[in-house]
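For reference, the structure discussed in these notes is given below.
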Amino acid sequence: MCGIVGYIGAQQAQDILLDGLSRLEYRGYDSAGIAVMDSGIIRLSKAKGRLANLAARVASNPLPGTIGIGHTRWATHGKATDLNAHPFLSADGMFAVAHNGIIENYTGLKAFLSEKGFSFVSDTDSEVVPMLLEYFYDGDVLKAIRRAVSELEGAFSLAIITSHAPDCVFAARKDSSLAIGFGKGCSFVSSDIPAISGFAEQCCIPDENSVAVLRKGEIKLFDRQG
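Here you go:
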């Protein structure tokens, strides 16, 4: 199993993300990573092995910012390496995605995107998601997410941040666990409620095939039709 956690609020995101990921260690994992956005710039820190390895890297090279996503990975595609750890960036660095589940049609999507000039750095199925988001983006992030999700086959949950919407965290699910949480001036997303129960005042499970848009103290849910 894998774990996802996301945060937007007033506090430094890296600390909340690491705390949330520590609460998801029971799910099992072989690597971990976080992506934090500051002034529209997304920065990553990833490490194979225990969460302590990632925490040590972040301690020596902090990622400033109050919006971010994190992930603990259990390998389904590709070995446990830093490159195969989540989150993944789009080719232009404008989208970062943490993914739980399996993209069953990723080989076809990867071939299609490769023909369009996209290059991949990992051995995972997950990396096709940020590339699809970049490919479909035409000025409307929510539309790009809905179009990308419509192309994915399998069970999955996603947490997304993008420089195109530096005040939002996006989340989507299909046949995979996902929880969203609401607090005073902050919002959260996670694979499981325990990861955010210490922070969020209210939690809920979004409907299947829905997309959540999280802002500081505001959450909106959209169905497949938008």
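Reading the sequence shown from the start, the letters are residues 301 to 526 in the working numbering. A virtual CB, placed ideally from N, CA and C, is assigned to each residue, including glycine.
Item: Residue environment, VAL421, which counts as buried when at least 16 other CB atoms sit within 10 Å; Value: exposed
Item: 7 Å CB neighbourhood of ASN400 in its chain, flanking five on each side removed; Value: CYS302, ILE304, PHE456, SER457, SER476 and SER491
Item: Where TYR406 falls: helix, strand or coil (DSSP); Value: helix
Item: Sheet register partners of PHE388 (DSSP bridge); Value: VAL397
Item: Other residues of its chain near GLY485: CB distance less than 8 Å, five sequence neighbours each side excluded; Value: GLY309, ALA310, LYS516 and GLY517
Item: Option nearest MET394 by Cα separation, candidates VAL511, THR462, PHE482 and VAL513; Value: THR462
Item: Which of helix, strand or coil DSSP assigns to ASP382; Value: coil
Item: Sequence-distant residues of the same chain with beta carbon closer than 7 Å to MET431, five excluded per side; Value: SER390, ALA391, LEU413 and PHE418
Item: Beta-carbon proximity of ILE496 to GLY368, cut-off 8 Å; Value: no
Item: Element boundaries [beta strand (DSSP E), containing ILE544]; Value: Past the edges of the chain, shown from 301 to 526, lies residue 544, and the structure says nothing about it.
Item: Per-residue burial, SER426 [other beta carbons within 10 Å of its own, 16 or more giving buried]; Value: buried
Item: Between the CA atoms of GLN502 and PRO387 - distance to the nearest angstrom; Value: 26 Å
Item: Selection from GLU434, LYS410, LEU433 and GLU415 that minimises the alpha carbon distance to ASP423; Value: LYS410
Item: N- and C-terminal bounds of the beta strand (DSSP E) containing VAL449; Value: Element bounds for VAL449: not the beta strand (DSSP E) but the alpha helix (DSSP H), 441-451.
Item: Contact belief for HIS464 with VAL441 at Cβ below 8 Å, rounded distance in angstroms; Value: 5 Å
Item: Limits of the alpha helix (DSSP H) - the one that PHE418 falls within; Value: Unbroken run through PHE418: none, as it is neither H nor E.
Item: Length of the line joining the Cα atoms of GLY483 and GLU415; Value: 44 Å
Item: Length of the line joining the Cα atoms of GLN314 and ASN405; Value: 32 Å
Item: Cβ neighbour criterion (16 or more within 10 Å) applied to ARG343; Value: buried
Item: Presumed contact (8 Å Cβ cut-off) between GLN511 and ILE445, rounded CB distance; Value: Here the sequence assigns Val to residue 511, which means Gln is not the residue at that position. At roughly 6 Å, the Cβ-Cβ gap stays under 8 Å, so VAL511 and ILE445 are in contact.
Item: Distance, TYR326 Cα to GLY340 Cα; Value: 33 Å
Item: Cβ-Cβ distance between ASP338 and GLY365 below 8 Å; Value: yes
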